[in-house]
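Colleague:
Number of protein chains: 2
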Amino acid sequence: MNIQDKPNALVPQSVTCGPLPGSKKIYHRPEGRPDIAVPLREIALDPSANEPPVRVYDASGPYTDLEARIDLTQGLARIREPWLNRRQGLETYAGRMVRPEDNGFVGPDRLVPPCPANRSPRKGRDGARVTQYEFARAGIITEEMIFVAARENLGRETMLEEAEARLADGESFGASIPAFVTPEFVRDEIARGRAIIPANINHPELEPMIIGRNFLVKVNANIGNSAVTSSVAEEVEKMVWALRWGADTVMDLSTGRNIHNIRDWIIRNSPAPIGTVPIYQALEKVDGDPVKLTFEIFRDTLIEQAEQGVDYFTIHAGVRLAHVPLTARRTTGIVSRGGSIMARWCLAHHKESFLYERFDEICDIMRAYDVSFSLGDGLRPGSIADANDRAQFAELETLGELTKIAWAKGCQVMIEGPGHVPMHKIKINMEKQLKECDEAPFYTLGPLTTDIAPGYDHITSGIGAAMIGWFGCAMLCYVTPKEHLGLPDRDDVKTGVITYRIAAHAGDLAKGHPAAQIRDDAVSRARFDFRWQDQFNLGLDPDTARLFHDETLPKEAHKTAHFCSMCGPQFCSMKITQDLREEVLAIAEREKGMAEKSAEFLEKGGKLYL
Amino acid sequence: MNIQDKPNALVPQSVTCGPLPGSKKIYHRPEGRPDIAVPLREIALDPSANEPPVRVYDASGPYTDLEARIDLTQGLARIREPWLNRRQGLETYAGRMVRPEDNGFVGPDRLVPPCPANRSPRKGRDGARVTQYEFARAGIITEEMIFVAARENLGRETMLEEAEARLADGESFGASIPAFVTPEFVRDEIARGRAIIPANINHPELEPMIIGRNFLVKVNANIGNSAVTSSVAEEVEKMVWALRWGADTVMDLSTGRNIHNIRDWIIRNSPAPIGTVPIYQALEKVDGDPVKLTFEIFRDTLIEQAEQGVDYFTIHAGVRLAHVPLTARRTTGIVSRGGSIMARWCLAHHKESFLYERFDEICDIMRAYDVSFSLGDGLRPGSIADANDRAQFAELETLGELTKIAWAKGCQVMIEGPGHVPMHKIKINMEKQLKECDEAPFYTLGPLTTDIAPGYDHITSGIGAAMIGWFGCAMLCYVTPKEHLGLPDRDDVKTGVITYRIAAHAGDLAKGHPAAQIRDDAVSRARFDFRWQDQFNLGLDPDTARLFHDETLPKEAHKTAHFCSMCGPQFCSMKITQDLREEVLAIAEREKGMAEKSAEFLEKGGKLYL
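Protein sequences, first through last, are from chains A and B.
Residue numbers for the first sequence, in UniProt numbering: 1 to 610.
Residue numbers for the second sequence, in UniProt numbering: 1 to 610.
The following block contains the structure:
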C-alpha cells in the first residue's frame, strides 16, 4: 500500500521545523571520536554584548537543524547504527508479525499504514552483553555513554574553578554532581544503578540522553491519541513540538485503534527516548476487560513494542493483591490507569499480580532489547488527602524489591512517583525512594501541591516538580493545563513542557549544577543592558517573550530602547542604576575599599537611631 | 464639573459584577455583634454529594453580591463608619487642597474628575489611640480585629479535633497557628508586631483583612497606569477584577497624569486595602528628577495620600548612602524603582537618605491615619546572580532597625522582600527577616527561582512564592506573565492572581493551616464522584475549568459522564476503582482487619523474591 493513497488525516505530512529565533544547531565532537556528534543549541548575542554565544542543552533533534533533510516516511538518520553494528551480542531476526489486534482491529479503510522506514528488529543473544547496565558493570564505556557525557557538559571544557564554586554554592542533599561529566563517570553511575540511558537497540535514530540524580534534571511529555479523539499526524507533530520546547523524553500513551502503526511513525521519527505503558495495549487486545488479561498477552505486547524500539516501559508490577485493600478508604482510590487495571485483575481472580509473579520473565525480555524499566506507581495518591499513605509506600517498598531483581537480570531501572503531595510531604517521598530503591533514578508526575486549581495544574504541579527536582528527582513528567479536564492540544503541550523546563532548571540551579546558572546570568546581563532581542532569544520561549513585549511597545525602535513599558523612561530603575553605575564604580575605586568600609560601618552598628 | 460631561474613556462606567458560577455571597455575624457582617463565599454542591456547601475566603467585596447596589460615583458602603465614629481619638478636618502637581499638571481637557464620593478626611489627635497597633497594645479589641478573626475561620466554629489534627500534620517552621482564630488572638498578634490590619481611618469602605504569619497567606496584585499607557476606567476594573480572582490587597503603582484622581476612584470603590509607593508621585512633582526630591515634597505626598485613604505605603527608608557602593558590582544593579531613585538622590547630594534620617517624622504621619508601613526592599536582587548579597542583607538589617522605631511610634509594619532567589537560598531570607525584624510580617515579590523564562515569570516566581509562603511569608506580591516585558492586561492580572492563590494555598496546606485542606478534599471527592460541575465550581477558576473540559467533550451530558476525555470510558482509573470500591470495602469488612493484615504481611517481608 502506498502511503500517498491514504487520506491526509491519517498520515503525517509535515512537522514544525527550523531553529528557534537567534539559535543555531551545532555539533560537539568529543576528542578522538569524530564519529560521535553531540547536538547543542547556540544562541547568538548582539555584538554590543561582547560575549560569546550561549550554548544550551538541545533535545529538539534534527528538526531544528537547517541542514537536516526531514522525510517522515524515511525516519530520522540512524546515528546509532554503526555503534550497534559493532556489538557482538546483537542479532537481527525476522520479528513478530503484526496482527489485527495490534491496531485495535481497525478496518482497512481507517488503517494507518506502517511507517515505511521500518527495519527487521535486533535482539540480544542469550548471555551476551546488551544493556547499558551490563556494559557499565563490565567496565565498558559505550558510545552512548560518551555521547551523554559531552551532552551534559553543554560544551564546557574549561573553567574548573568556576564549576567548583557553583557546586559549593548549591545544596544537593547528598547528590554527587561532578564539575565536569566524563564518560567514565557516566559508566560508573550506570553501573551503580544511579542513572539510565534509555536506548532500545531497535531505536537507532536516538540521540542518547541520561536520567539520574547527578545529571541535569530531565522532563518527560506525554502524548497519545485516546479512544475519544486525535489522529496520527497530530501525535507525530505533538512529539516534535514537545521536543522543540524542551522535552527530553516522550511517552506515547495512545489507546484505541491504530496504536501499533502510530507508534511506528513516532519512534522512527523520534530523536528522544519513547516510553509506553504496555498494559494499555494489552487491555485493548482483550476488548478492554481487565479480567481477561493474561501474562501471555502482556508478554506478546512487550515483545511487539520492544521490537519497534520503545525505550522504556512503565510496568505496574508493584501493585500487589495485598495492597489493594489498603486503598479502600482513600479519598480518590486508585488513579493510575495501570494500577486500577491490575487491581481489578487481582481482585477478580483473587490472585497475586502476574506482573509481580512473573517479573523475572519480564526482565528477560527487557534485557534482550535494552528496554529500561520505569517501575510504575500504580497506587500513587490522586489527591492531597491520600498523599504518603500506607498504600503508596507499601508499593514503593515493593518497587525497591523489584529494582534489585531487575539489576540482577542486567536491566536498567527507574522508579515512578507521585502524584498529589502537599509541599511538606514531598521530601519524604524522595528520601524514601532513594532508600528503598538504592538510588535508582526517580521519575515523578508533578507532584501537584494542591487540588483546588483545575485548569492550572501545570502550575500546582510545577511547584512540586521544582522542589522534588531539587531534592534529587531525576526526571519530571509534565502536567498540562488540561490535566483532569481534557486532552492537551498543541498549546497545552508547549505550556506544560515550558513549565517543566522551568521546574527542572530551578532544581538544577538549587542543586548547584555547574552549568545551570550560565544561562540565567546571560539573561540578566541582557536585561540590564536593555538588549531586548538577546533577552527574548535566551529565554525558554523567545516567541512569547517578543509577543508580550510588542503588545505594549510594538515598534522596532523600542527593541533598543533603554526602558520598557512597565515603568516608562523616567521610572526605569535599570536605567537609573546604569546611569549611576559609572559613578558608583568610580566612588568605590576612589575611596579604595569604600564598599568594604561601608559594610564594616554598618556592621559595627552605624545606626542613627536606637 | 459634572462627571457626565467627561469623555467615557476617562471615567469608569461599570465593572465586572455578579457571583462566580455556583457561588453565593453570605455574611457571617460574630456572636453578639450583629453590626459586623463578615463576607464569605459559599459554593453549593450537587445534591447527590450529600455534603454541605463549601465556604471559602472571599476578598471580592460587594461586586460579587447580587444584593449589592454598585454605583462607582457613590463608592462602596462605608461599613467602618459607625466603628470610626465611636473612636474618641479621631477628628475630621478640612484636609489638604488638591494642587495641579497632584495630577501631574494635566490640562483641563484631559483631567479625570475626582470621585464624587469623596468626604473630608479624618486624622488622629495627638496622644490619642489611632492605630490598630496602639489599640492592641492597650489591650483593646477593635471591630476590625473581630472582623478578621471571623474571616480567618472561614465560618468554622466546631470540629476542634479535626483542626488540631490538621495542625499536627503540617510543618510550620515555628509559626503559632491556632486551631481557631479569636479576636483576642488577633489582638495579641498585632500587639506583638507579628500581624497588621492595614486600615487607614480614611478608608471606611474597607472590609478588614489581616497579614501575618499565623494567618492565611495573602496575595497582593499590582495595578496602575504608567507614563506609557492605560486609563482610569481600566484601572478601576483591574482592581475589581484582581479582587474577583482572589487578590487580598491591591497596590496602585500609577505614575504620570491624573494619579491623584485615579486613586480617588480606586479607594472609594475598593473593599480591600490599597497600597502605594508615595515616592513615585513625589518624583512626578519634581519633573521626574530624583535629585530635586526633598523631604518636604515627600511629606506633602504622604499626607495627600493618607487623607485619601491609602492603607499602606511602601517606603524605601532602608536604602542608605553607605549601601549604594555595595551594589556596584552586581549583575543587575538596583532594580527597585524606589531604591534606584533614593540611591540617585543619596549619591547626587552625597548625603544620607532623607527617608532614613527623618523616619520618625514619617512615623508620625503614618500613625495619625493608621497607614501601615511596608518597608521597601530597594536593594532587592534583580537576578539569581545577585541573590542574598551583602547589599540586600545590609538593607534588611536596616529595615529591622526601622521596624522597632515604627513600633515605638505606634505604627503597624510589614517588611518587603525579594525578588530573584534560587530555591536553596529562599529559606535563609525568611529566617533572616524573622530574626532582624522581630517577626514583623514579611511581604515578598515572588521570589523568581530562575531568570530564563521571560513570559512565564508568574510560574518561575510562583514556585518561590509557594515555598516562602510555607516558610512563613505573610503576603505574596503577584508577578504576571508580562513581568520584565510589558504592562499586564486583564488576562495577565487574572493569571497572576490565580497563580499566586495557588502558591498561597499550597503554603497554607504545608503549614497545616486547619482550614486549608477542606477545599482540596471537596474537589477531590467531586473528582472521584464525577461531579464535574462541582469540580469546576470548587476550583479557583470555574470558567476556565469548564471551558477546558468542553473543548474535548462539549455536550451537557458529558458533565455527568463517569469518565473524561483523557482516558475515555474504558481506561478511566477512577471508574475502575469506583467499580472496585464496594468489593474492596466488602473484603476489608469481611476479612476483618485485612488491610492491617496485608500491611503486616508486607512489613514482615512477604516478598516473593530475594
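Glycine residues also receive a C-beta, built at the ideal position from the N, C-alpha and C atoms.
Owing to the predicted nature of the structure, the values given are computational and were not obtained by experimental measurement.
For a quick check, are the C-beta atoms of Arg456(A) and Leu476(A) less than 8 Å apart?
Modeller: Position 456 of the first sequence holds residue 456(A). Position 476 of the first sequence holds residue 476(A). In the sequence under discussion, the amino acid at residue 456(A) is Tyr, which differs from the Arg named in the question. No, the Cβ-Cβ distance between Tyr456(A) and Leu476(A) is not below 8 Å.
Colleague: Suppose you measure from the CA of Phe185(B) to the CA of Gly376(B); what does that come to, to the nearest Å?
Modeller: In the second sequence, the residue the question calls residue 185(B) occupies position 185. In the second sequence, the residue the question calls residue 376(B) occupies position 376. Roughly 28 Å separates the two Cα atoms.
Colleague: 8 Å is my cut-off, CB to CB: does Lys482(A) come that close to chain E?
Modeller: Annotation note: the requested chain E is absent from the structure, which comprises protein chains A and B.
Colleague: Considering only the alpha carbon of each residue, which of Ser120(B), Gly139(B) and Pro121(B) lies closest to Arg129(B)?
Modeller: Here residue 129(B) corresponds to residue number 129 of the second sequence, with the count starting at 1. When each option's Cα is compared against that of Arg129(B), the closest is Gly139(B).
Colleague: Could you tell me which chain A residues have their CB closer than 7 Å to the CB of His505(B), listed as they occur along the chain?
Modeller: The sequence position of residue 505(B) within the second sequence is 505, counting from 1. Residues of chain A passing the Cβ test: Thr450 and Ile452.
Colleague: Specify whether the segment 515 to 526 of chain A and the segment 46 to 66 of chain A touch according to this definition: at least 3 beta carbon pairs, one from each stretch, less than 8 Å apart.
Modeller: A contact exists between the segment 515 to 526 of chain A and the segment 46 to 66 of chain A.
Colleague: Applying the 10 Å Cβ sphere with the 16-neighbour rule, what's the burial state of residue 648(B)?
Modeller: The requested residue 648(B) is not part of the displayed model; chain B covers only 1 to 610.
Colleague: Starting from the C-beta of Met430(B), find all residues in its chain whose C-beta is less than 7 Å away, skip the five residues before and the five after it, and write them out in chain order.
Modeller: On the second sequence, residue 430(B) is found 430 positions in, with the first residue counted as 1. Answer for Met430(B): Phe442, Ile468, Phe471, Gly472 and Cys473, listed in chain order.
Colleague: Kindly say whether Ile343(A), judged by its beta-carbon, lies nearer than 8 Å to any beta-carbon of chain B.
Modeller: As a working note, residue 343(A) is residue 343 in the first sequence. The sequence as given places Ala at residue 343(A); Ile does not occur at that position. Judged by the 8 Å Cβ criterion, Ala343(A) is in contact with chain B.
Colleague: Opposite Phe442(B) in the DSSP bridges: which residues?
Modeller: Working through the second sequence from its first residue, we reach residue 442(B) at position 442. Answer is Ile415(B).
Colleague: Could you give the distance in angstroms between the alpha-carbon of Glu416(B) and the alpha-carbon of Pro273(A)?
Modeller: Working through the second sequence from its first residue, we reach residue 416(B) at position 416. Working through the first sequence from its first residue, we reach residue 273(A) at position 273. C-alpha separation (whole angstroms): 45 Å.
Colleague: Would you grab the beta carbon distance between Tyr57(A) and Leu216(A) for me? Rounded to a whole angstrom, and I think it's under 8 Å.
Modeller: Mapped onto the first sequence, residue 57(A) falls at position 57. Mapped onto the first sequence, residue 216(A) falls at position 216. Yes, Tyr57(A) and Leu216(A) are in contact; Cβ-Cβ is about 6 Å, under 8 Å.
Colleague: Near Pro290(B), what residues of its chain come up, given a Cβ to Cβ distance below 7 Å and the 5 sequence neighbours on each side ignored?
Modeller: Numbered from its first residue, the second sequence carries residue 290(B) at position 290. Around Pro290(B): Leu283, Ile341, Arg344 and Trp345.
Colleague: In terms of DSSP beta bridges, what is Val38(B) paired with?
Modeller: Within the second sequence, residue 38(B) is the residue found at index 38, counting from 1. Partner(s): His28(B).
Colleague: Span of the beta strand (DSSP E) holding Tyr312(B)?
Modeller: By one-based count along the second sequence, residue 312(B) stands at place 312. Counting along the chain, the beta strand (DSSP E) containing Tyr312(B) begins and ends at Tyr312 to Ile315.
Colleague: Shortest alpha-carbon distance to Arg122(A) belongs to which of Val310(A), Arg192(A), Arg546(A) and Asn222(A)?
Modeller: Translated into positions along the first sequence, residue 122(A) becomes position 122. Cα-wise, what sits closest to Arg122(A) is Val310(A).
Colleague: Tell me whether Asp457(B) sits in a helix, a strand or coil according to DSSP, three-state version.
Modeller: For this step, residue 457(B) is matched to residue 457 along the second sequence. Three-state DSSP puts Asp457(B) in a helix.
Colleague: Quick check on the DSSP output: what are the complete alpha helix (DSSP H) runs of length 4 or more inside the segment 378 to 410 of chain B, in order along the chain?
Modeller: For the segment 378 to 410 of chain B, whole alpha helix (DSSP H) runs of length 4 or above, ordered along the chain, are 390 to 408.
Colleague: Report the neighbours of Asp541(B) on chain A: residues whose CB is nearer than 9 Å to its CB, in chain order.
Modeller: For this step, residue 541(B) is matched to residue 541 along the second sequence. By Cβ distance, chain A contributes Ala453, Pro454, Gly455 and Tyr456.
Colleague: What residues in its chain sit with their C-beta under 7 Å from that of Thr229(A), if we drop five residues either side in the sequence?
Modeller: Counting from 1 along the first sequence, the entry for residue 229(A) is found at position 229. Model confidence at Thr229(A) stands at a pLDDT of 46, short of 50, so the residue's coordinates are unreliable; what they give is reported in the following sentence. Only Leu487 meet the Cβ criterion.
Colleague: If we cut at 8 Å on Cβ distances, does Glu583(A) have a partner in chain B?
Modeller: Sequence index remark: in the first sequence, residue 583(A) carries index 583 (1-based). Closer than 8 Å: yes.
Colleague: What residue range is occupied by the uninterrupted beta strand (DSSP E) comprising Val56(A)?
Modeller: Locating residue 56(A) in the first sequence gives position 56, where the first residue counts as 1. Per DSSP, Val56(A) belongs to the beta strand (DSSP E) from Val54 to Tyr57.
Colleague: Using a threshold of 8 Å, state whether the C-beta atoms of Pro100(A) and Asp35(A) are closer than that.
Modeller: Taking the first sequence and counting its residues from 1, the one referred to as residue 100(A) is at position 100. Taking the first sequence and counting its residues from 1, the one referred to as residue 35(A) is at position 35. It is not a contact, given that the beta carbons lie outside the stated cut-off.
Colleague: Where do the N-terminal and C-terminal ends of the beta strand (DSSP E) with Arg122(A) fall, by residue?
Modeller: If you number the first sequence from 1, residue 122(A) lands on position 122. Arg122(A) -> beta strand (DSSP E) spans Arg122 to Gly124.
Colleague: Would the segment 173 to 191 of chain B and the segment 392 to 411 of chain B be scored as touching if the rule is three or more Cβ pairs under 8 Å?
Modeller: These segments do not touch.
Colleague: Sorted by chain position, which residues of the same chain lie with C-beta nearer than 6 Å to Glu436(B)'s C-beta, five sequence neighbours on each side aside?
Modeller: By one-based count along the second sequence, residue 436(B) stands at place 436. Result list for Glu436(B): Leu396, Glu397 and Gly400, in chain order.
Colleague: Ile334(A) and Leu379(A) look like a contact to me (Cβ under 8 Å); what is the Cβ gap, rounded to whole Å?
Modeller: Along the first sequence, read from residue 1 onward, the residue named residue 334(A) stands at position 334. Along the first sequence, read from residue 1 onward, the residue named residue 379(A) stands at position 379. That belief holds up - the Cβ atoms of Ile334(A) and Leu379(A) are roughly 6 Å apart, short of 8 Å.
Colleague: Pick out the complete beta strand (DSSP E) segments inside the segment 89 to 168 of chain A, 3 residues or longer, and give them in chain order.
Modeller: Those beta strand (DSSP E) runs which fall completely within the segment 89 to 168 of chain A and span 3+ residues are 90 to 92 and 122 to 124.
Colleague: Less than 8 Å between CB atoms is the rule here; does Gln535(A) satisfy it with respect to chain B?
Modeller: Start at 1 with the first residue of the first sequence, and residue 535(A) comes out as number 535. Yes, its Cβ sits closer than 8 Å to a Cβ of chain B.
Colleague: Please compile the residues from chain A whose C-beta is within a distance smaller than 8 Å of the C-beta of His549(B).
Modeller: Here residue 549(B) is taken as the residue at index 549 of the second sequence, counted from 1. In chain order: Leu485 and Gly486.
Colleague: Rounded to whole angstroms, what's the CA-CA distance from Pro447(A) to Arg78(B)? Just pull it up for me.
Modeller: Counting from 1 along the first sequence, the entry for residue 447(A) is found at position 447. Counting from 1 along the second sequence, the entry for residue 78(B) is found at position 78. Their backbone Cα atoms lie some 45 Å apart in a straight line.
Colleague: Please report the Cβ distance between Gly462(A) and Ile463(B), rounded to the nearest whole angstrom; I am assuming they are in contact, meaning their Cβ atoms lie under 8 Å.
Modeller: Along the first sequence, read from residue 1 onward, the residue named residue 462(A) stands at position 462. Along the second sequence, read from residue 1 onward, the residue named residue 463(B) stands at position 463. That belief holds up - the Cβ atoms of Gly462(A) and Ile463(B) are roughly 6 Å apart, short of 8 Å.
Colleague: Taking Cβ to Cβ, would you say Ala385(B) is nearer than 8 Å to Thr331(B)?
Modeller: Taking the second sequence and counting its residues from 1, the one referred to as residue 385(B) is at position 385. Taking the second sequence and counting its residues from 1, the one referred to as residue 331(B) is at position 331. Taking 8 Å as the Cβ cut-off, Ala385(B) and Thr331(B) qualify as a contacting pair.
Colleague: So within the segment 475 to 503 of chain A, which uninterrupted alpha helix (DSSP H) runs reach at least 4 residues, ignoring any that extend past its ends?
Modeller: Runs found: none.
Colleague: Distance check for Gly318(B) and Lys292(B), CA to CA, integer angstroms please.
Modeller: Along the second sequence, one-based indexing puts residue 292(B) at 292. Along the second sequence, one-based indexing puts residue 318(B) at 318. Taking the straight line from one Cα to the other gives about 20 Å.
Colleague: Using 7 Å as the cut-off, classify the Cβ of Tyr133(A) as near or not near the heavy atoms of the ligand SAM, replying yes or no.
Modeller: In the structure on display, the ligand SAM does not appear, and there are no ligands present to speak of.
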